Amino acid sequence: MFLKDYISDVVNGVSSLLKGMRKTGYYFTHSKEIITEQYPDNRATLKLADRFKGEVVMPHDENNEHTCTGCTACELACPNGTIKIITKFDISPEGKKKKAIDAFIYRLEMCTLCNLCITACPSDAIKMVPNFEHSVFDRSKLTKILNKPGSKIKEGIE
Amino acid sequence: MLSLESITKTTQDWLLAKFDPTIALAIECVIVIVLCITLFAILGLVLVLLERKVAARIQIRLGPNRVGPGGIFQTAADTLKLIMKEGLTPDSADKFLFNLAPFVVMMVAMLLLAPIAFARNFQIWDINIGVLYISSISSLSVIGILMAGWASNNKYSLLGAMRSGAQIVSYELSAGFAVLTIVVLTGSLQISDIVAAQENGWWLFKGHIPVIIAFVLYIIAVTAETNRAPFDLAEAESELTAGFHTEYSGMKFALFFLAEYINIFIVCAIGATLFLGGWMPLHIGHWESFNHIMDYIPSSIWFMGKTFFLIFVIMWFRWTFPRLRVDQLLNLEWKYLLPISLFNLLLVTVIAIMGWHF
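Chains A and B, in that order, are what the protein sequence lines are.
Count the first sequence with the numbering used here and you get residues 1397 to 1554, in order.
Count the second sequence with the numbering used here and you get residues 95 to 452, in order.
Structure below.
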């Protein structure tokens, strides 16, 4: 009885090992099925997941207009002080004073990409883009001003 | 026909004609040393690259592909980097032993090269106790590893070295028994005799069942003896950082790394010599014309082909099997491999006496 168990142990062990080797041998002989991304060779055709969060940007339309009202909801929502909004007052044609942003300062080096600013924004002025090539030689290059120079708020956004 | 045999013979004749025998011998020694070191360097580069490529293919990756076409200069670049790095010796280490250990490991690997027949009549030292010499020298490598582990003054290193000691001491037994089966069949310990005995077929085919069992046992045991995965407990990355060579850096680390691959080459060369006929071409019994065709392939290519096939098998093991626990390791040896190899030796003795092999 002992001998029978012993032999079946050996046979089971060897056969399960061979099964594993067959699997890896299959992979070895089928080199066409490479599953890794050949970055940076495939940079042009690189597909990232939709929910990949790489950086906060402020979309501008063709008239260089954004939808940020300068309400600072994102600045308040940010857990680590990544966003700093400097506001100014624009004088509208009717002579009314209107609050607008002067500079939307975004510090990428402090950002944890938690997405809280995006959800806090009432006017969808900022969004996350799947851009991950952030390496620079100087830290100060990571402090970005998101609103483009000369841009203004879109009509009808309060 | 230009063969390694004729090259060595012309060289020797020329040296003997020019110098007196003692100086000729000294010059031959120097040539052999230079050739050995060159072989080591080339093997180190080739085998590391081969391993990385095989690993990549098995894991459905591409592997190194940046330096040179297909990444063939990757290991040369790595070696250059290791040469330029600082070989740090820890403050509280035993400096003498710490610096000696990599050289002991390398020296053992070099000594093992002596009786290996690389091609027809191309052998450094055809000693009449070749197999015994190999099994005795290969057990010395544990001294270098223990030395490295102890002198590092690091608990991981010491644990790795101790595991390696337990492992090598126990697996040597079944490797020795596997080798003995061939010695029983051949009736000689000399490597050239063992190769010559396989002229009408390799032992793996001639010796059928017991030799196949012995071959499997040999492959398992030498995988353990060279501290390769799945028996790499001595340097288990996830448990002991790097085991006995945790504290080594730069070229001293490179020597350990090189010695590992050289050892793989040597055990595979011995396995190829014993079971697959060494440099002997594939001969099948009395098929004269087939044997003649096979003879046209140079013997060195036969030897290297068989050796690299076995190296590939061992790499295949490494990238397939998970690492054993230390108790499983010792169970496998003392409860399975050793009884099976003892029984197998008995079987092969009966077969050799009764003449039941081909």
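Backbone N, C-alpha and C define an ideal beta-carbon position, used for all residues, glycine too.
Keep in mind that this is a model prediction, so the values were computed, not measured.
Looking only at DSSP bridge pairs, what is residue i linked to?
| i | result |
| --- | --- |
| E1451 of chain A | A:V1525 |
| D1486 of chain A | A:K1494 |
| F216 of chain B | B:A213 |
| F1500 of chain A | A:I1481 |
| I1541 of chain A | A:I1501 |
| I1549 of chain A | A:H1462 |
Is there a Cβ of chain A sitting closer than 7 Å to that of residue i, yes or no?
| i | result |
| --- | --- |
| L368 of chain B | no |
| T317 of chain B | no |
| I152 of chain B | yes |
| L144 of chain B | no |
| L156 of chain B | yes |
| T414 of chain B | yes |
So, using beta-carbon positions, are residue i and residue j closer together than 7 Å?
| i | j | result |
| --- | --- | --- |
| L205 of chain B | I231 of chain B | yes |
| A323 of chain B | G337 of chain B | no |
| L109 of chain B | I121 of chain B | yes |
| D1498 of chain A | I1522 of chain A | no |
| T1432 of chain A | R155 of chain B | yes |
| C1517 of chain A | C1474 of chain A | no |
| V202 of chain B | S246 of chain B | no |
| C362 of chain B | I405 of chain B | yes |
| L207 of chain B | S394 of chain B | no |
| W410 of chain B | A149 of chain B | no |
| C1467 of chain A | I1479 of chain A | no |
| P1526 of chain A | G1409 of chain A | no |
| L334 of chain B | G254 of chain B | yes |
| F1500 of chain A | N1543 of chain A | yes |
| V289 of chain B | A211 of chain B | yes |
| A318 of chain B | Y265 of chain B | yes |
| L349 of chain B | P158 of chain B | no |
| R214 of chain B | W396 of chain B | no |
| E1461 of chain A | K1550 of chain A | yes |
| N248 of chain B | T132 of chain B | no |
| K1494 of chain A | S1488 of chain A | yes |
| L439 of chain B | T275 of chain B | yes |
| S343 of chain B | L182 of chain B | yes |
| Q153 of chain B | V161 of chain B | no |
Strictly under 7 Å for the Cβ-Cβ distance: is residue i near chain B by that measure?
| i | result |
| --- | --- |
| S1427 of chain A | yes |
| I1403 of chain A | no |
| M1417 of chain A | yes |
| Y1422 of chain A | no |
| T1559 of chain A | This structure cannot settle anything about residue 1559 of chain A, because the visible part of chain A is limited to 1397 through 1554. |
Quick one, which of the options has its alpha-carbon nearest residue i's?
| i | options | result |
| --- | --- | --- |
| S229 of chain B | B:P209, B:G243 and B:G238 | B:P209 |
| T173 of chain B | B:P433, B:K112, B:M345 and B:A211 | B:M345 |
| M200 of chain B | B:V148, B:Y227, B:M178 and B:C130 | B:C130 |
| W450 of chain B | B:K300, B:V198, B:S251 and B:A260 | B:K300 |
| V316 of chain B | B:L267, B:M241, B:H386 and B:I125 | B:L267 |
| N357 of chain B | B:G138, B:G399 and B:L432 | B:G138 |
| R1503 of chain A | A:K1540, A:C1470 and A:K1495 | A:K1540 |
| M256 of chain B | B:D188, B:I314 and B:G238 | B:G238 |
| I447 of chain B | B:A272, B:G254, B:F192 and B:V277 | B:V277 |
| V442 of chain B | B:A170, B:E427, B:F271 and B:I378 | B:F271 |
| A1445 of chain A | A:F1398, A:T1425, A:F1500 and A:F1528 | A:F1528 |
| D1534 of chain A | A:E1505, A:A1440 and A:K1544 | A:E1505 |
| V305 of chain B | B:I125, B:K429, B:S435 and B:P158 | B:S435 |
| W244 of chain B | B:G162, B:P184 and B:Q217 | B:P184 |
| V1452 of chain A | A:G1552, A:L1538 and A:S1412 | A:L1538 |
| S1547 of chain A | A:P1489, A:D1520, A:G1477 and A:T1463 | A:T1463 |
| T1508 of chain A | A:L1472, A:G1477 and A:T1465 | A:G1477 |
| N294 of chain B | B:I303, B:W381, B:Y227 and B:Q217 | B:W381 |
| Q1434 of chain A | A:L1413, A:G1416 and A:L1442 | A:L1442 |
| S1519 of chain A | A:M1417, A:T1425 and A:T1465 | A:T1465 |
| N321 of chain B | B:W297, B:M241 and B:A353 | B:A353 |
| K400 of chain B | B:H386, B:I387 and B:P375 | B:P375 |
| M1417 of chain A | B:R419, B:F347, B:I364 and B:V407 | B:V407 |
| S233 of chain B | B:S100, B:A260 and B:F134 | B:A260 |
Taking 6 Å as the line, does the beta carbon of residue i fall inside it for any heavy atom of the ligand FMN?
| i | result |
| --- | --- |
| E122 of chain B | The ligand FMN is absent from the structure shown, which contains no ligands of any kind. |
query: Okay, do the stretch 303–321 of chain B and the stretch 362–381 of chain B touch, 3+ Cβ pairs below 8 Å being the bar?
result: yes
query: Does the stretch 134–143 of chain B come close enough to the stretch 101–115 of chain B that 3 or more CB-CB pairs lie under 8 Å?
result: no
- prompt: Are at least three pairs of beta-carbons, each pair with one atom in the stretch 214–230 of chain B and one in the stretch 273–293 of chain B, less than 8 Å apart?
  reply: yes
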